[in-house]
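Please read the structure below before turning to the comments.
Numbering (this note's numbering), first residue to last: 10 to 62.
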């Protein structure tokens with residue numbers, strides 16, 4: 010499964026690393042689904058995805 014970039018909205022501890030609001034994290038859709046429902050991450054806007062490649 011391909012990882013997608015998400016913007017962190019709240020403190021996140023993932024993969025042994027601490028992410029702060031505003032950080033970008035790569036997650037699979039399966040990993041991201043519960044975090045999106047809890048408003049911890051949101052998908053990067055399309056234009057930011059192009060810039061962050």
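Cβ atoms here follow ideal geometry from the backbone N, Cα and C, with glycine treated the same way.
Which parts of the segment 16-50 are runs of the alpha helix (DSSP H), unbroken and 4 residues or longer, counting only runs that do not cross its ends? 38-46
So residue 44 and residue 16 are supposed to be a Cβ contact under 8 Å. How far apart are they, rounded? So it is not a contact: roughly 11 Å between Cβ atoms.
Kindly give me the distance between the Cβ atoms of residue 23 and residue 33, rounded to whole angstroms, as I take these residues to be in contact under 8 Å. With 8 Å as the limit, residue 23 and residue 33 do not qualify as a contact, their Cβ atoms being about 12 Å apart.
Just the C-alpha distance for residue 21 and residue 31, rounded to the nearest angstrom, thanks. 11 Å
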